[in-house]
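Only one structure is covered here, and it is reproduced in the block below.
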Amino acid sequence: MGKRGLTYLTPMVALVAVPAFTQDPYLLNLLITTGIWSTSVWGVRVIMSTGQLTLGHAAYMAVGAYASTLLTMKVGLSFWLAFPLAGLISSFIALLIGYPTLRIKGVYFSIITFAFAEIIRLIIVHWPSLLGGFGGIANIPAPSSIFSISFTSRIPFYYLILGISLLTYLVMVRVDKSRIGKIFSSIHESDTLAESIGINIMKYKVTAFCLGCFFAGLSGSFYAHYFNFTSPEFFTIWQSIYCLIFAIVGGAGSVWGPPLGSLFMTLVPELLRVAREYEPVIYAIILILIMFLLPGGLITLPDRLRGKQKKVH
Amino acid sequence: MMRPFRKSFWNRVSILGIIFVLGVFFPPLYAAQKEFKIGAIFPLSGRGATWGMAAQKAITVKQKEVNARGGLKVGGDTYKIEIVWEDDKYNAASGRMAAEKLVNRDRVKFILGSQSSAVILAVQPISEPNKILFLVNSYAKEVLAPDKPYTFRMVLTSNEILQGMYPWMTKTYPNLKNVALVEPNDATGWSIEKDCKRIAEQNRLQIGFSQFYERGTSDFYPLLNKLLVAKPDFVDFTGAAPGDQALIVKQLRELGYKGKTFAGTTIDPTDFCKIAGVQNAEGHISNTHDLLGAYTTEGQKKYYDDYIAIYGKPFDPVTPKYHTYLDILVQAIEKSGSLDPTKVKDVMEKIDEWLTIFGPAKFGGKEYYGIKRQIITPVYISEMINGNLVNRGTMMPSPP
Amino acid sequence: MTLSFFIQVFVNGLMLGLTYVLIASGFSLIYGIMRLLNFAHGEFYMLGAFATYLLCEHLGVNYFAALILSMVIIAALGVVVYRFFFRPFRDQHDPSLVIALAIAMLIGGLGLLIFGEKDKSVSPVFSGVIKVFGATLSQERMVVILMAIFLMVALTLYIKFSKTGQAMRAVAQDREAAALQGIGVDSTFTLCMAISSALAGAAGALLAPLFFVNPFLGMHAVLKALVVVVIGGLGSIPGAIAGGLLLGFVESFGNTFLGDITEILGFIMVMIVLLFRPQGLFGHG
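Protein chains in written order, with our numbering: chain A, 1 to 313; chain B, 314 to 713; chain C, 714 to 998.
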């Protein structure tokens with residue numbers, strides 16, 4: 001990370017210092033929600049970086065949420081063990097699904113991810129004895145105390161998700177800069193070309209997919225323990241679509257896209273509460289405007305202001 | 314890697330953004346004038362909007378009535394009731410976010426809420442620890458529990474309704490032996506199906522058929538094809554959406570079904586007959602009643618007039634049952650002489666009889682739910698004759 | 714279980730299948746020619762139903778005239794949506810996905826605002842039932858079946874034999890080559906959008922008197938359309954027909970014999986098709 005990393009110190013310090021200025025639980029909830037989505041959407045982005053659009057990301061969040069819930073409530077593990085396990089279980093399922101499906105390209109892959117997501121949701125619904133059915137599972141315990149910090153107020157949750165987001169960010173930056181990241185984008189550009197120079201594209205596509213779903217699992221696990229409640233309704237096709245929209249609206253071209261998209265799309269419905277019944281319509285209009293004005297996503301805002309046109313895939 | 318312009322651009326944007334967000338979201342510092350804010354979380358868009366908007370209408374009728382007579386009388390003061398309406402879009406995540414805003418930003422201490430059990434279950438982790446009185450609807454049993462003392466259910470569920478209606482059915486039609494159940498594949502449908510099975514068996518009825526349909530289905534022929542093989546004496550589709558109910562009735566009759574159709578829920582007879590066809594709907598039994606008919610009271614007549622004064626014709630017969638939300642809350646607050654939700658909750662626990670537009674009502678459910686939080690109001694039964702609701706009976710369900 | 718019971722299962726499947734075909738054919742057409750997953754397609758279906766409702770119930774127009782008018786209105790709407798919202802993003806894959814979704818949200822939201830949340834009904838034109846080899850079919854369903862078959866035959870003939878239909882197939886196969894041959898890609902797309910929307914509008918108009926009309930019809934419709942065209946083959950009209958009928962028969966069979974597990978069957982079929990023959994039954998790789 002080195003010297004350049006320090007230039008991002010300002011926003012980091014600001015985020016860390018927020019609870020010093022305000023403990024408003026509503027504001028903290030918005031930031032925490034943004035953090036949850038950012039983590040998940042970073043996952044979407046890394047999958048998109050190999051040229052695959054996933055329409056089923058919420059299913060992997062669901063796997064993480066339910067895995068973590070069952071591990072803490074039925075198996076008795078501590079959250080701190082269940083949390084990373086949830087991520088691993090998600091990425092394991094991604095591995096099982098990824099191998100047969102990732103050789104399928106383009107829109108067909110997107111549809112299969114969507115079909116699989118629905119199947120996962122229906123499995124959750126039709127297994128009420130274990131997974132709570134439609135009613136979901138309530139009274140999920142908060143993370144157990146660590147370093148003598150107990151999770152009774154919102155502030156520890158805030159710092160936890162901040163830490164998780166930071167971890168995800170660092171991983172994504174590393175991946176982007178590394179050889180693996182460059183291979184991902186070469187596959188995105190032209191997988192036949194990449195194959196012709198000897199790259200095993202399946203291996204890299206599956207890696208990206210599993211990595212992306214790992215973070216989806218983590219975000220799902222946090223979600224369950226923060227809300228104390230999980231239900232199949234949290235993880236519908238619309239949630240998956242939102243994950244994708246957040247990624248595209250933020251801008252898939254940069255590692256800052258996911259948090260920017262998540263922040264923006266979390267704030268917009270809150271700010272639109274005043275619009276009452278017009279909120280769904282205005283939300284749609286805002287999406288359309290962003291696509292017209294900033295097809296590369298919100299991260300291209302400074303470029304567009306300077307009159308630069310970015311080539312968009 | 315960001316070039317200098319972009320970096321300073323984003324620095325500036327972040328600083329502006331933080332100032333903006335803190336400014337917009339910092340809690341307002343003005344003191345509430347003699348105004349009493351209640352929160353309300355209902356499905357106001359998307360699927361479920363029919364019920365959400367029906368509740369909104371009924372609650373607004375009561376709100377205007379109270380404000381017209383000066384407001385809520387607490388201690389020596391009067392307070393105008395202000396309701397902050399939030400849309401839960403019939404999903405738990407939006408409902409939770411709405412509750413966050415109501416509790417932490419609007420600082421309400423009372424919330425009227427949703428028809429979706431998932432929303433309520435997602436909101437309770439915030440409302441219960443913060444001792445916020447949460448008056449709800451929904452069908453799931455888990456919503457009421459001994460560890461959730463601040464949640465009260467203000468509308469009858471299928472558990473209570475069917476305990477009134479099934480015995481009436483077996484008494485009025487003594488040859489009934491066999492019932493078929495049709496429910497949507499969602500939380501409400503599953504809850505109701507459990508109740509139907511249990512209460513049918515209590516009334517010595519056999520379940521000849523029970524199947525869930527995928528939400529969004531309009532063509533029930535495949536399901537009904539199988540249902541008719543069981544030759545049910547009556548078909549119960551309590552959990553189905555109103556439009557679906559009308560379609561099920563229509564398609565049952567097209568396929569030659571001659572038995573009774575039944576739903577333990579309220580319908581709008583005009584819409585129902587338009588979709589089902591007047592002849593097909595003939596004899597349908599439901600938990601609606603003609604507000605101005607045989608079981609009318611002064612309260613119901615007044616509600617009807619107030620409704621028409623605000624919303625004009627036609628009258629929506631699905632709305633009256635939501636009147637209890639605000640009606641009882643107002644009574645409880647005025648009886649307790651306090652705006653403290655704990656004191657109001659205590660009053661609601663203690664008082665044995667409430668006056669509603671349907672006559673006397675009380676809270677029950679200690680045995681079934683573990684806590685006395687379920688309202689018990691009269692169950693009405695009507696039959697559709699020639700496009701009109703004809704009242705057939707009323708009873709108070711015995712609180713389980 | 715008697716013979717008429719099984720014939721009823723078959724007839725139910727046919728009816729269900731043809732409704733899916735009606736809704737999916739336009740969706741398939743747009744994907745085949747424009748390479749766009751038009752999520753707003755379901756909303757056009759919903760608007761077709763509402764157009765018929767307004768024309769019949771509020772303006773007293775004859776049902777068949779309303780059917781044709783609805784198709785025309787929705788076709789015009791489709792062209793407007795294409796010109797202003799889809800065309801600017803024709804070559805941008807990710808933004809066009811978001812735009813299609815946003816248009817779907819927009820139309821759905823506007824529908825709720827304008828029409829309200831209550832279920833509306835269109836007075837049926839045909840009443841009574843007929844018996845087909847012992848199975849029961851209401852007269853209105855019979856009419857829908859015949860109209861659906863008529864529309865599909867007309868569509869297939871059009872695509873196969875008319876000049877503009879052939880132009881569409883050329884553009885679907887290879888956009889650049891078609892352009893080099895002098896085929897106007899933009900005008901082809903516009904026509905395709907118009908036809909597709911007209912089909913969605915027709916589906917809405919035909920099914921409105923059978924069922925009910927509300928602003929929430931769109932989402933369910935477009936998800937079914939997606940399943941159908943994936944099974945049948947994205948971009949193929951015979952595929953949409955085959956896929957729709959297959960889904961209809963599977964659901965009829967499933968709901969009659971297997972119960973509520975049927976909901977998952979459609980998605981399992983999608984997974985199987987995509988894993989073993991991603992181009993669908995009739996699609997071209």
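Ideal Cβ positions, reconstructed from N, Cα and C, are used throughout, including at glycine.
Who does residue i pair with in a DSSP beta bridge?
i: Gln-879(C); result: In the DSSP output, where bridge partners are listed per residue, Gln-879(C) has none listed.
i: Arg-466(B); result: Val-449(B), Gln-687(B)
i: Gly-677(B); result: Gln-687(B)
i: Lys-833(C); result: Val-926(C)
i: Met-697(B); result: Leu-702(B)
i: Gly-672(B); result: Thr-669(B)
i: Tyr-392(B); result: Leu-385(B)
i: Ile-359(A); result: One cannot answer for residue 359(A) here, as it falls past the ends of chain A, which runs 1 to 313.
Residues in the same chain with beta-carbon distance under 6 angstroms from residue i, minus the five sequence neighbours each way, listed in chain order, please.
i: Leu-912(C); result: Ser-738, Gly-739
i: Ala-918(C); result: Gly-761, Thr-765, Leu-780, Ser-783
i: Met-708(B); result: Gly-477, Val-692
Near residue i, what residues of its chain come up, given a Cβ to Cβ distance below 7 angstroms and the 5 sequence neighbours on each side ignored?
i: Phe-157(A); result: Ile-32, Phe-151, Tyr-226
i: Ile-944(C); result: Gly-956, Leu-959, Leu-960, Met-982, Val-983, Val-986, Gly-993, Leu-994
i: Phe-184(A); result: Ser-49, Thr-50, Tyr-204, Ala-208
i: Ile-542(B); result: A small correction: the amino acid at residue 542(B) is Val; Ile does not occupy that position in the sequence shown. Correct list: empty, nothing qualifies.
i: Met-12(A); result: none
i: Gln-794(C); result: In the sequence as presented, Gln is not what sits at residue 794(C); that position holds Val. So the qualifying residues of the chain are Ala-753, Ile-816.
i: Ile-872(C); result: Gly-878, Met-881, Arg-882, Ile-950
i: Phe-966(C); result: Val-722, Gly-726
i: Gly-650(B); result: Val-387, Gly-388
i: Asn-516(B); result: Tyr-479, Pro-480, Thr-483
i: Glu-378(B); result: Asp-619
Using the beta-carbon count (16 or more within 10 Å), is residue i buried or exposed?
i: His-933(C); result: buried
i: Ala-17(A); result: exposed
i: Phe-989(C); result: exposed
i: Lys-74(A); result: exposed
i: Asp-804(C); result: exposed
i: Ser-427(B); result: buried
i: Pro-128(A); result: exposed
i: Asp-640(B); result: buried
i: Trp-80(A); result: exposed
i: Leu-668(B); result: exposed
i: Arg-179(A); result: exposed
i: Lys-3(A); result: Below a pLDDT of 50, predicted positions are generally treated as unreliable, and Lys-3(A), at 48, falls in that range; the measurement from the model is reported next regardless. The residue in question, Lys-3(A), is exposed, as its Cβ has fewer than 16 Cβ neighbours within 10 Å.
i: Ile-623(B); result: exposed
i: Arg-174(A); result: exposed
i: Val-107(A); result: buried
Report all residues from its chain with a CB closer than 8 angstroms to the CB of residue i; omit the five preceding and five following residues, and keep chain order.
i: Ala-431(B); result: Asn-404, Ala-405, Gly-408, Ala-500
i: Asn-538(B); result: Leu-568
i: Phe-116(A); result: Gly-56, Ala-59, Ile-97, Thr-101
i: Lys-490(B); result: Leu-518, Gln-519, Asp-546
Which residues of the stretch 268 to 284 of chain A have a Cβ closer than 9 angstroms to any Cβ of chain C? Give them in chain order. Glu-277, Tyr-278, Glu-279, Pro-280, Val-281, Ile-282, Tyr-283, Ala-284
Residues in the stretch 436 to 459 of chain B with C-beta within 8 angstroms of chain A's C-beta atoms, listed in sequence order? Gln-437, Pro-438, Ala-453, Glu-455
Of the residues that make up the stretch 205 to 238 of chain A, which ones have a beta carbon closer than 7 angstroms to any beta carbon in chain B? Phe-227, Asn-228, Phe-229, Ser-231, Glu-233, Phe-234
Selection of the stretch 573 to 585 of chain B by Cβ proximity to chain A, strictly under 9 angstroms: none
Just by C-beta distance, which residues in the stretch 975 to 989 of chain C are closer than 8 angstroms to chain A? Glu-976, Ile-977, Phe-980, Ile-981, Val-983, Met-984, Leu-987, Leu-988
For the stretch 939 to 969 of chain C, which residues have a CB atom closer than 7 angstroms to at least one CB atom of chain B, in sequence order? Glu-964, Ser-965, Asn-968, Thr-969
Taking beta-carbon pairs under 9 angstroms, can you tell me which members of the stretch 405 to 418 of chain B lie near chain A? Ala-405, Ala-406, Ser-407, Arg-409, Met-410, Ala-411, Glu-413, Lys-414, Val-416, Asn-417, Arg-418
Which residue spans inside the stretch 503 to 567 of chain B form an unbroken beta strand (DSSP E) run of at least 3? 519 to 526, 547 to 549
What are the residues of the stretch 21 to 35 of chain A that lie near chain B, defined by any Cβ-Cβ distance shorter than 8 angstroms? Phe-21, Thr-22, Asp-24, Pro-25, Tyr-26, Leu-27, Asn-29, Leu-30, Thr-33
Short-range partners of chain B found in the stretch 129 to 155 of chain A, where Cβ spacing is below 7 angstroms: Gly-133, Phe-134, Gly-135, Gly-136, Ala-138
Please give the ranges of any beta strand (DSSP E) in the stretch 605 to 666 of chain B, keeping only runs that are unbroken, at least 3 residues long and fully inside the region. none
Contacting positions in the stretch 356 to 367 of chain B - beta carbon closer than 7 angstroms to chain A: Leu-357, Ser-358
When Cβ atoms are compared, which residues of the stretch 846 to 865 of chain C fall closer than 9 angstroms to chain A? none
Would you list, in chain order, the members of the stretch 813 to 833 of chain C that have their beta-carbon closer than 9 angstroms to a beta-carbon of chain A? Leu-814, Ala-815, Ile-816, Ala-817, Met-818, Leu-819, Ile-820, Gly-821, Gly-822, Leu-823, Leu-825, Leu-826
Considering only residues of the stretch 73 to 114 of chain A, which uninterrupted alpha helix (DSSP H) runs meet the minimum length of 4 residues and lie entirely inside it, listed in chain order? 79 to 101
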